[in-house]
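Student:
In this note's numbering, the protein residues as written are 1 to 96.
1. Using only the alpha-carbon positions, how far apart do residue 8 and residue 35 sit?
2. So, residue 41 versus residue 93, is the Cβ gap smaller than 8 angstroms?
3. Check for me: the beta strand (DSSP E) holding residue 71 runs from which residue to which?
4. Can the beta-carbon of residue 44 be found less than 8 angstroms from the beta-carbon of residue 56?
5. To the nearest angstrom, report how far apart residue 3 and residue 17 are at their CA atoms.
6. Helix or strand or just coil, what does DSSP make of residue 39?
7. To the nearest angstrom, how far is it from the Cα of residue 66 to the Cα of residue 15?
8. Between which two residues does the beta strand (DSSP E) containing residue 92 stretch?
9. With DSSP as the reference, identify every bridge partner of residue 84, one or two as the case may be.
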């Protein structure tokens, strides 16, 4: 039962391999889909619980911030602190 298997040719690797540095996998990927962000914002403002202001967590390209939003103007969110946050910079928005 002991049969000799044919030898497999394997090329000798005599150089340093670094081809895995060009590939990156992440388990959490954020998609910046403007339509879904606009839908989330419109859902916040059209909810029956929204009267004047709403505490939200906003994930932007610069980081995560917790703000109280009071209005929307064209492509910007208006906060209670008189700050203007561009909707194009927002990656995700959630109600606190």
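From the three backbone atoms N, C-alpha and C, an ideal C-beta is built for every residue, glycine too.
Tutor: Judging by the given coordinates:
1. Looking up residue 8 in the chain shown gives position 8. Looking up residue 35 in the chain shown gives position 35. Note on geometry: alpha-carbon atoms of residue 8 and residue 35 lie some 55 angstroms from one another.
2. Counting from one through the chain shown, the residue named residue 41 turns up at place 41. Counting from one through the chain shown, the residue named residue 93 turns up at place 93. Yes, these two residues count as a Cβ contact at 8 angstroms.
3. Here the question's residue 71 lines up with position 71 in the chain shown. For residue 71, the uninterrupted beta strand (DSSP E) run begins and ends at 64 to 73, by DSSP.
4. Counted from its first residue, the chain shown places residue 44 at position 44. Counted from its first residue, the chain shown places residue 56 at position 56. Against a cut-off of 8 angstroms, the Cβ pair of residue 56 and residue 44 comes out as a contact.
5. Residue 3 sits at position 3 when you count from the first residue of the chain shown. Residue 17 sits at position 17 when you count from the first residue of the chain shown. Looking at the two C-alpha atoms, the distance is approximately 35 angstroms.
6. Within the chain shown, numbered from 1, the residue matching residue 39 stands at position 39. If DSSP states are grouped into helix, strand and coil, residue 39 belongs with the helices.
7. Taking the first residue of the chain shown as position 1, residue 66 is located at position 66. Taking the first residue of the chain shown as position 1, residue 15 is located at position 15. Cα to Cα, the separation comes out at about 51 angstroms.
8. Reading the chain shown from its first residue, position 92 is the one you call residue 92. Where residue 92 is concerned, the enclosing beta strand (DSSP E) stretches over 90 to 95.
9. Counting from 1 along the chain shown, the entry for residue 84 is found at position 84. In the DSSP output, where bridge partners are listed per residue, residue 84 has 78.
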